[in-house]
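**Student:**
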Amino acid sequence: MIKKIFSYFIPIKIYETKSVLSKSIEVTWANGELVLDSENANYSYGSLQRILRLGLKNIGYEKIVAMNHILILGVAGGSVIKTLVEEIKYKGKITGVEIDAEIIKIANAYFKLDQVKNLEIVIDDAFEFVLKTQNKYDLILIDVFQDTTMPNFLFEDFFIKRTCFLLQRKGFILFNTMILNETQNIRNKKYVSEFYNPQFQIKTIPRVEIHNELILIEKLEP
Numbered sequence: 048m049i050k051k052i053f054s055y056f057i058p059i060k061i062y063e064t065k066s067v068l069s070k071s072i073e074v075t076w077a078n079g080e081l082v083l084d085s086e087n088a089n090y091s092y093g094s095l096q097r098i099l100r101l102g103l104k105n106i107g108y109e110k111i112v113a114m115n116h117i118l119i120l121g122v123a124g125g126s127v128i129k130t131l132v133e134e135i136k137y138k139g140k141i142t143g144v145e146i147d148a149e150i151i152k153i154a155n156a157y158f159k160l161d162q163v164k165n166l167e168i169v170i171d172d173a174f175e176f177v178l179k180t181q182n183k184y185d186l187i188l189i190d191v192f193q194d195t196t197m198p199n200f201l202f203e204d205f206f207i208k209r210t211c212f213l214l215q216r217k218g219f220i221l222f223n224t225m226i227l228n229e230t231q232n233i234r235n236k237k238y239v240s241e242f243y244n245p246q247f248q249i250k251t252i253p254r255v256e257i258h259n260e261l262i263l264i265e266k267l268e269p
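Each position in the sequence shown, counted from 1, maps to that position plus 47 in our numbering.
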């Protein structure tokens, strides 16, 4: 409790480790809440939770509650899962895909992710999982980072088409991106401008928490 109080004045790191995939994984008290960070980015809770909450609000909580199956690519500490279950009261199935098993251990230990009953965690690469899965989803949330770096496959045509194929009718893709320079800004504009499918509608929610841009794709009525 003392650390929580002092964290309103200065961040207090309580755990630090590294994994095969991450140079640094830190659990910190910041502004009265536990957050999970990499070396240069917020991985869960804190600003990331605010970013993804805004994206979910743009979809509409009432639509989300009525969904049957949600896929999350990039779990980290699971803050968006907590938003879905605790704030939105979503009771359908959640499948979370995370490549770094060490991060899931931390999420279970510090953020009680393993207590979410309607959650299934799969340790796998997001690209590989998307290739293999036979399921269809009402919402696919893409939040895949290695520190501040986004893998190139996320912006490739094949991956875009495959994730769209995995959507149920009237489903959504919520894609969290980071823009730190003009090259990445151009990358996002290219992604949106070249996205064409009469079955889908695409829009952006720019400059969320300064550096993030959300891309929202909706599958329309046939």
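No residue lacks a Cβ here, since even glycine has one placed at the ideal position from N, Cα and C. The structure presented is a predicted model; accordingly, all values stated were derived computationally and were not measured.
With DSSP as the reference, label residue 199 as helix, strand or coil.
**Tutor:** Three-state DSSP puts residue 199 in a helix.
**Student:** Determine the direct distance from the alpha carbon of residue 223 to that of residue 261, and round the result to whole angstroms.
**Tutor:** In a straight line, the C-alpha of residue 261 is about 5 angstroms away from that of residue 223.
**Student:** Taking all protein chains shown into account, do 16 or more other C-beta atoms lie within 10 angstroms of the C-beta of residue 85, making it buried, or fewer, making it exposed?
**Tutor:** Buried is the call here.
**Student:** Can you give me the Cβ contacts of residue 218 inside the same chain, cut-off strictly under 6 angstroms, excluding the 5 residues immediately before and after it?
**Tutor:** Counting only Cβ-Cβ distances below 6 angstroms, and skipping sequence neighbours, we find 185, 266.
**Student:** Do you know how far the Cα of residue 235 is from the Cα of residue 241?
**Tutor:** Answer to the nearest angstrom: the Cα atoms are 10 angstroms apart.
**Student:** Does DSSP classify residue 108 as helix, strand or coil?
**Tutor:** Residue 108: helix per DSSP, three-state reduction.
**Student:** Below 8 angstroms on the Cβ atoms is my guess for residue 174 versus residue 212; work out the distance and round it to an integer in Å.
**Tutor:** With 8 angstroms as the limit, residue 174 and residue 212 do not qualify as a contact, their Cβ atoms being about 14 angstroms apart.
**Student:** Assess contact between the segment 113-124 and the segment 148-155, defined as three or more Cβ pairs (one per stretch) separated by less than 8 angstroms. Is contact present?
**Tutor:** Because the criterion of three Cβ pairs below 8 angstroms is met, the segment 113-124 and the segment 148-155 touch.
**Student:** Which of the three DSSP states, helix, strand or coil, is assigned to residue 242?
**Tutor:** Coil at residue 242, not helix or strand.
**Student:** Got a sec? Which residues, its chain only, sit under 6 angstroms from residue 160 by beta carbon, not counting five neighbours each side?
**Tutor:** So the qualifying residues of the chain are 125, 154.
**Student:** For residue 109, which option in 192, 167, 137, 129 has the closest C-alpha, if you only look at C-alpha atoms?
**Tutor:** It is 137.
**Student:** Tell me whether residue 204 sits in a helix, a strand or coil according to DSSP, three-state version.
**Tutor:** Of the three classes helix, strand and coil, the one that applies to residue 204 here is helix, per DSSP.
**Student:** Any chance you could list the alpha helix (DSSP H) runs of at least 4 consecutive residues sitting entirely within the segment 103-151, in chain order?
**Tutor:** Qualifying alpha helix (DSSP H) stretches, in chain order: 108-112, 126-129.
**Student:** Only counting the same chain, and skipping five residues up and downstream in sequence, which positions put a Cβ closer than 7 angstroms to that of residue 198?
**Tutor:** Counting only Cβ-Cβ distances below 7 angstroms, and skipping sequence neighbours, we find 191.
**Student:** Helix, strand or coil: how does DSSP classify residue 161 here?
**Tutor:** Note: residue 161 maps to helix in three-state DSSP.
**Student:** Would you kindly report the start and end of the unbroken alpha helix (DSSP H) that includes residue 177?
**Tutor:** Looking at the DSSP string, the run of the alpha helix (DSSP H) that includes residue 177 is 173-179.
**Student:** Compare the Cα-Cα distances from residue 145 to each of 111, 170, 104 and report the closest residue.
**Tutor:** If we check each option's Cα against that of residue 145, 170 comes out closest.
**Student:** Among residues of its own chain, excluding the 5 on either side of residue 105, which ones have a beta-carbon nearer than 7 angstroms to its beta-carbon?
**Tutor:** Cβ neighbours of residue 105 beyond the five flanking positions: 252, 263.
**Student:** Based on the DSSP output, what are the partners of residue 266 in its beta bridges?
**Tutor:** Answer is 247.
**Student:** On the CB-based measure, 16 or more other CB atoms within 10 Å of its CB, does residue 112 come out buried or exposed?
**Tutor:** With fewer than 16 other Cβ atoms within 10 Å, it is exposed.
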